[in-house]
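Colleague: Each protein sequence line maps, in turn, to chains A and B. Oh and the first sequence: position 111 is 110 in numbering that gives the first Met the number 0, straight run, nothing missing. Oh and the second sequence: position 389 is 388 in numbering that gives the first Met the number 0, straight run, nothing missing. I am attaching a structure below and will ask some questions about it afterwards.
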Amino acid sequence: MKRPAGSKITLALAALLAVPAARGALGDVEASVEADRAAMHAMQQTTRTPSFTMHELRAPSGTTVREYVSPAGTVFGVAWQGPTLPDLRQLLGAHFDEYAAAAAERRTRRSPVLVQLPGLVVQSSGHMRAFLGKAYIPQALPPGVAAAEIQ
Amino acid sequence: MTDATVRALLAASALAALLSPAACGGGGGGGSSSPSPVQNTQSIVVDGGPANIPNLVFTSVTICAPGSGTNCQTIDHVQVDTGSSGLRIFASVLSPGLALPQQTDGSGNPLVECAQFVDGFSWGPVKLADVRIAGEQASSVPIQVIGDGNFAAIPSSCSSSGPPENTVIDFGANGLLGVGLFAQDCGSDCAQGALPGAYYSCPTSACQPVQIAIDKQLQNPVALFATDNNGVIVELPSVGADGALTVTGSIIFGIGTQADNGLGGATILGTDPNTGTIVTVYNGQRYANSYVDAGSSGVFFGIEAFPPCRRPDQGFYCPVATQSISAVLQGTAQTSTDVNFAVANADALFAANPSFNAFDDLAGTAGDTSTTFAWGLSFFYGRSVYTAIEQRSTPGGMGPYVAF
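What follows is the structure, encoded as C-alpha cells:
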C-alpha cells in the first residue's frame, strides 16, 4: 500500500489511535468504571457502604448499569437493567469471551441464561424492552457481601 | 368440554356458515368484523425444529415480494414468540428470487437491525415483504433478514451483547414470528434516539446506530392485518408428565373478533405498558419483572429453589422428585389468578425419552435478583393464552394484556 508523505507522523498517530478503548470491567480496578461511564455516555451516581462502593451509570438509552467495587479497589460485580442490553464486552472485559462461549452451550433459546464457571457467574433474563442481569467474580466478593446484593 | 373443544366446535360452525350461501355472517362483538370471517387459525407444532431444541413452538409463514400475489415463499419452522414483535427470517432459507426491497433510514441509507435476545444477538437488514398467515395478510411489512451476506460486518456495539445467533442452528429456527404485546419491536425508544444494539444505518462505510421512525421499524404483523389485528391466542393441548415427541396446537388471530376467539372465562392480566411485565407472587416473594412468553423454553425463576442440573443444563432445575408449586400472577388492574405448576428433574426427562421435544414441567433458574419469573412454553400446555397488543381494543379492554 502506498503511504502518503509524512507517513511517520501519520503512523505514530495511527498507533496512538489504535490503542483499544479502555475497557471497564469486572475484575479490573475502580478507575475502569470511568471508561465504562464514558463508553455509555452515562450519568454517574456513587453510593458508599462499609463493605463496598456502588457506581450507578445511567445511559441515555434508558439502561442502567451498577458496578460494585470492593474496599480493596476491585470491581467484583456488575448489574444491569433496561430496554436494551448493555455492552457486555465492555462490562465483562476479559471475561466476555468466556461468558459468550459458555452461554452458547445452552439447550434453550431466548430463555434466561445462567453461566457458573469457577471464576465467573452471569445471570441474565428478560426480553426486548426489559432486560435484567448481573455478573460477578465469586472469589472477589468482599467478606460479608452476598452475591444477591449485586442488583 | 374444554374451552379448546368449544372453540373448535365454534370454528367448525363458523366454517359451515361460511360455506353455506344462505348463512348470515357470524362474527363476535368487540373488534372489527367482516361479512365473511377470515380464516384466522393456523397450526403450530412443538417438534424440536432444525436444532432439536425442546419447547420451541413453530408455524409456517408465507412471505411475498410486496404487491406480488405470486412471487411468494412459505417458510416452515418459524418460531412463534409472544415475547417479541416483528417477523425475522434467515437469509439462508429465503429464495433469492423473492428479491425483497431494502428498508432505508431517514437519510436513504440501508437500515440494518441488531436484534438483542437475552441469550444472544441476530444481525441483518430490514426488508419489506407482504406477510400471509392463515387467511390473514399484511402488506409491505418491515421484517428482518438475519445473516444476509451483504451486511457481513457486525458492529462491535451489536456483537457485544452475547453469543451470535446468525445461523439457523444457533438460533434454533428458520425465523421468528414476534406476535407480542407491542406493535413494534423497539418503539418510541428507537424513534427518540440512536440506541447501540438496535437499529443501524449502513451506508457503504461502517454501520452506525440510528434514530428511526416508528413506522420504519419491525412491525408486529398481526397489528397490520386488516381484521383480527388486536392480538393472538396460542393454544396447546396438555402433555403427560414424561413429555411428548411432538405436540400440535393452534395460533388464532384476533381476540373477540370472530366466533372462535372469544375470551370466555379467561382472567385478564394487564401488563406494564412499557416493559410488558406482570407480577408473580411465589413463596412469599414478589417477582415484579414477570412475563408470559411463548418464545422462552421453560418456566424460569429464582436460583436455588431446587437443585440445578449438570452442565450444560445447569440453567434447568433437577429436583430428586417432581415438585408441585403454586404462584399468584397479578396484572395492573388488581386482577390476579392462581397457577399450579410442576417442576420435574430435567436431566431425568431428557434421559428417559431423548427424542421428546415437548415438556410442561421443564423449569429453571432466572438468577438471584428475585424479580424475574418467566412463564415460558412449559406454562402454555393445556391452556389458551391470549396476548393483546398495546392500544388495541378487545372485549376485555385495551391491550397490552395477557389472559388465560
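Even for Gly, the Cβ is constructed at its ideal location relative to N, Cα and C. Keep in mind that this is a model prediction, so the values were computed, not measured.
Less than 8 Å between the C-beta atoms of G156(A) and S69(A), yes or no?
Modeller: Absent from the model: residue 156(A). The displayed extent of chain A is 0 to 150, so no value can be given.
Colleague: Whose C-alpha, out of T334(B), G134(B), Q143(B), G242(B), is nearest the C-alpha of V77(B)?
Modeller: The residue you call residue 77(B) lines up with position 78 of the second sequence. V77(B) has its Cα closest to that of Q143(B), out of T334(B), G134(B), Q143(B), G242(B).
Colleague: So, is L180(B) buried or exposed, given that buried needs 16 or more other C-beta atoms within 10 angstroms?
Modeller: Mapped onto the second sequence, residue 180(B) falls at position 181. Buried, because 16 or more other Cβ atoms sit within 10 Å of the Cβ of L180(B).
Colleague: I think W79(A) touches G118(A), with their Cβ atoms under 8 Å apart; what is that distance to the nearest whole Å?
Modeller: Translated into the one-based positions of the first sequence, residue 79(A) becomes position 80. Translated into the one-based positions of the first sequence, residue 118(A) becomes position 119. The Cβ separation is near 20 Å, so there is no contact.
Colleague: Nearest by alpha-carbon distance to R106(A): which of G47(B), F224(B), Q216(B), I250(B) is it?
Modeller: Sequence index remark: in the first sequence, residue 106(A) carries index 107 (1-based). For the residues G47(B), F224(B), Q216(B), I250(B), the minimum Cα distance to R106(A) belongs to G47(B).
Colleague: Quick one: which chain A residues come within Cβ less than 7 Å of Q313(B)?
Modeller: In the second sequence, residue 313(B) corresponds to position 314, counting from 1. What Q313(B) touches in chain A: L113, Q115.
Colleague: Quick check: the region 54-72 of chain A against the region 107-114 of chain A, are there 3 or more CB pairs under 8 Å?
Modeller: No, the region 54-72 of chain A is not in contact with the region 107-114 of chain A.
Colleague: In chain B, which residues lie less than 8 Å from A102(A) when you measure between Cβ atoms?
Modeller: For the purposes of this step, residue 102(A) is identified with residue 103 of the first sequence, where counting begins at 1. In chain order: D118, G119, G161, P162.
Colleague: Roughly how many angstroms separate the alpha carbons of S42(B) and G242(B), rounded to a whole number?
Modeller: Start at 1 with the first residue of the second sequence, and residue 42(B) comes out as number 43. Start at 1 with the first residue of the second sequence, and residue 242(B) comes out as number 243. Roughly 20 Å separates the two Cα atoms.
Colleague: For the region 232-259 of chain B, which residues have a beta carbon sitting closer than 8 Å to at least one beta carbon of chain A?
Modeller: Listed by position, the residues of the region 232-259 of chain B near chain A (Cβ gap below 8 Å) amount to none.
Colleague: What does M42(A) touch in chain B if you count any residue whose Cβ is under 9 Å from its own?
Modeller: Position 43 of the first sequence, counted from the start, is the residue given in the question as residue 42(A). By Cβ distance, chain B contributes nothing, its closest Cβ being about 15 Å from M42(A), past 9 Å.
Colleague: Quick check on G96(B): does DSSP put it in helix, strand or coil?
Modeller: On the second sequence, position 97 is the one that residue 96(B) refers to. DSSP places G96(B) in helix when its eight states are reduced to three.
Colleague: Using a Cβ-Cβ distance cut-off of 8 Å, determine whether M127(A) contacts chain B.
Modeller: For the purposes of this step, residue 127(A) is taken as the residue at position 128 of the first sequence. Judged by the 8 Å Cβ criterion, M127(A) is in contact with chain B.
Colleague: Could you please give the first and the last residue of the uninterrupted beta strand (DSSP E) stretch that includes Y451(B)?
Modeller: Since the displayed chain B opens at 0 and closes at 403, residue 451(B) lies outside it and no answer follows.
Colleague: Got a sec: which bits of the region 292-305 of chain B sit with their beta carbon under 8 Å from any beta carbon on chain A, in order along the chain?
Modeller: Listed in sequence order: D292, G294, S295, S296, G297, F299, I302.
Colleague: A197(B) touches chain A at which residues, Cβ-Cβ below 7 Å?
Modeller: To locate residue 197(B), count along the second sequence from 1; it is residue 198. Per Cβ cutoff of 7 Å: T83.
Colleague: Please identify, using Cβ separations under 8 Å, the residues of the region 140-157 of chain B that lie next to chain A, in order along the chain.
Modeller: Cβ contacts with chain A come from S155, S156.
Colleague: With a threshold of 16 other CB atoms inside 10 Å of the CB of H40(A), please say whether the residue is buried or exposed.
Modeller: Taking the first residue of the first sequence as position 1, residue 40(A) is located at position 41. Looking at its Cβ environment, which holds fewer than 16 other Cβ atoms inside 10 Å, H40(A) is exposed.
Colleague: Tell me the DSSP secondary structure of M39(A) in three-state form.
Modeller: Position 40 of the first sequence holds residue 39(A). Of the three classes helix, strand and coil, the one that applies to M39(A) here is helix, per DSSP.
Colleague: With 16 as the cutoff for other CB atoms within 10 Å, does M42(A) come out buried or exposed?
Modeller: Against the first sequence, residue 42(A) aligns to sequence position 43. Looking at its Cβ environment, which holds fewer than 16 other Cβ atoms inside 10 Å, M42(A) is exposed.
Colleague: Hey, how far is the Cα of T370(B) from the Cα of P272(B)?
Modeller: On the second sequence, residue 370(B) is found 371 positions in, with the first residue counted as 1. On the second sequence, residue 272(B) is found 273 positions in, with the first residue counted as 1. Roughly 18 Å separates the two Cα atoms.
Colleague: Between which two residues does the beta strand (DSSP E) holding S59(B) run?
Modeller: Position 60 of the second sequence, counting from 1, holds the residue named residue 59(B). Taken as a continuous stretch (DSSP letters only), the beta strand (DSSP E) holding S59(B) covers 57-63.
Colleague: Excluding the 5 residues preceding and the 5 following D367(B) in the sequence, name in chain order all residues of the same chain whose CB lies nearer than 6 Å to its CB.
Modeller: Counted from its first residue, the second sequence places residue 367(B) at position 368. The answer, listed in chain order, is I302.
Colleague: By DSSP, does R105(A) sit in helix, in strand, or in coil?
Modeller: Here residue 105(A) refers to the residue found at position 106 of the first sequence. If DSSP states are grouped into helix, strand and coil, R105(A) belongs with coil.
Colleague: Please tell me whether V298(B) and Y286(B) are closer than 8 Å, where the distance is taken between their beta carbons.
Modeller: As a position in the second sequence, residue 298(B) is number 299, starting the count at 1. As a position in the second sequence, residue 286(B) is number 287, starting the count at 1. No, Cβ-Cβ distance for V298(B) and Y286(B) is not below 8 Å.
Colleague: In three-state terms, what does DSSP make of P191(B)?
Modeller: By one-based count along the second sequence, residue 191(B) stands at place 192. Per the sequence shown, residue 191(B) should be read as Gln rather than Pro. Note: Q191(B) maps to helix in three-state DSSP.
Colleague: Leaving out five residues on either side along the sequence, give the residues of the same chain with a beta carbon under 6 Å from the beta carbon of C185(B).
Modeller: Position 186 of the second sequence, counting from 1, holds the residue named residue 185(B). Correct list, in chain order: A197, Q216.
Colleague: I need the straight-line Cα distance from G174(B) to Q115(B), nearest angstrom please.
Modeller: Position 175 of the second sequence, counted from the start, is the residue given in the question as residue 174(B). Position 116 of the second sequence, counted from the start, is the residue given in the question as residue 115(B). Answer to the nearest angstrom: the Cα atoms are 14 Å apart.
Colleague: For L348(B), collect the residues of the same chain with a Cβ closer than 8 Å to its Cβ; drop the 5 residues on either side in sequence, then sort them by chain order.
Modeller: Taking the first residue of the second sequence as 1, we reach residue 348(B) at position 349. Closer than 8 Å at Cβ, skipping near neighbours: D241, G242, F355, F358, D360, L361.
Colleague: How many angstroms separate the CA atom of G26(B) from the CA atom of A258(B)?
Modeller: To locate residue 26(B), count along the second sequence from 1; it is residue 27. To locate residue 258(B), count along the second sequence from 1; it is residue 259. Residue placement at G26(B) cannot be trusted, given a pLDDT of 38 that sits under 50; what the coordinates show is reported in the next sentence. Each residue's alpha carbon lies about 5 Å from the other.
Colleague: Return the chain-ordered list of same chain residues with a C-beta closer than 7 Å to the C-beta of T386(B), the five sequence neighbours on each side being excluded.
Modeller: Against the second sequence, residue 386(B) aligns to sequence position 387. Excluding sequence neighbours, T386(B) sits near T81, V178, G179, L180, G230, V231, V401.
Colleague: Restricting to Cα atoms, I'd like to know which of F252(B), E164(B), P220(B) is closest to V233(B).
Modeller: Walking along the second sequence from the start, residue 233(B) turns up at place 234. Closest option to V233(B), Cα to Cα, is F252(B).
Colleague: Just how far apart, CA to CA, sit V246(B) and N51(B)?
Modeller: Against the second sequence, residue 246(B) aligns to sequence position 247. Against the second sequence, residue 51(B) aligns to sequence position 52. Taking the straight line joining both Cα atoms gives about 14 Å.
Colleague: So which residues of chain A does Q325(B) contact, with C-beta pairs closer than 7 Å?
Modeller: On the second sequence, position 326 is the one that residue 325(B) refers to. Per the sequence presented here, residue 325(B) reads as Ser, with Gln not at that position. Going along chain A, no residue has its Cβ under 7 Å from S325(B), so there is no contact; the nearest lies around 21 Å.
Colleague: Tell me, which residues are paired with C317(B) by DSSP?
Modeller: Translated into positions along the second sequence, residue 317(B) becomes position 318. C317(B) pairs with nothing; no bridge assigned.
Colleague: Closest Cβ-Cβ distance between P137(A) and chain B: below 8 Å?
Modeller: Within the first sequence, residue 137(A) is the residue found at index 138, counting from 1. It does not; no Cβ of chain B falls within 8 Å.
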